[in-house]
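Inspection log for the structure reproduced underneath, given as structure tokens.
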């Protein structure tokens, strides 16, 4: 999982929807369908693809502080587990 997906997972915990590049491409291509194109010749259509992020009071606060803090905690925990595993494997060899 790349860093963007890890951030997206935490942001989704606030009740918003995130889209992968493939999902967003599918949504945009869907808007280009001939049926929708014919509708746009008569009236405009509104495609709201923000996933509810407009309802978050402070997206920057969520992503830069809380999400990154959670990622750092997980990273520290994984490093500690790796160190412990390494120490255990060394002590079992001796």
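Numbering (this note's numbering), first residue to last: 224 to 317. Glycine is no exception: its CB is placed at the ideal position from the N, C-alpha and C atoms.
Item: Distance, Cα to Cα, residue 234 vs residue 240?; Value: 8 Å
Item: Can you check which of these residues, 301, 282, 254, is closest to residue 231 by C-alpha distance?; Value: 282
Item: Look at the alpha carbon of residue 260 and the alpha carbon of residue 279, and state the distance between them as a whole number of angstroms.; Value: 32 Å
Item: Beta-carbon separation of residue 254 and residue 244 under 8 Å?; Value: no
Item: Whole-angstrom Cβ separation of residue 311 and residue 237, contact assumed at under 8 Å?; Value: Going by Cβ atoms, the distance from residue 311 to residue 237 rounds to 38 Å, so no, they are not a contact pair.
Item: Please report the straight-line C-alpha distance between residue 257 and residue 248, rounded to a whole angstrom.; Value: 16 Å
Item: Please go through the same chain and pick out, in chain order, the residues whose beta-carbon is closer than 7 Å to the beta-carbon of residue 262, but skip the five residues on each side of it.; Value: 268
Item: In terms of residues, what are the limits of the alpha helix (DSSP H) holding residue 262?; Value: 257–263
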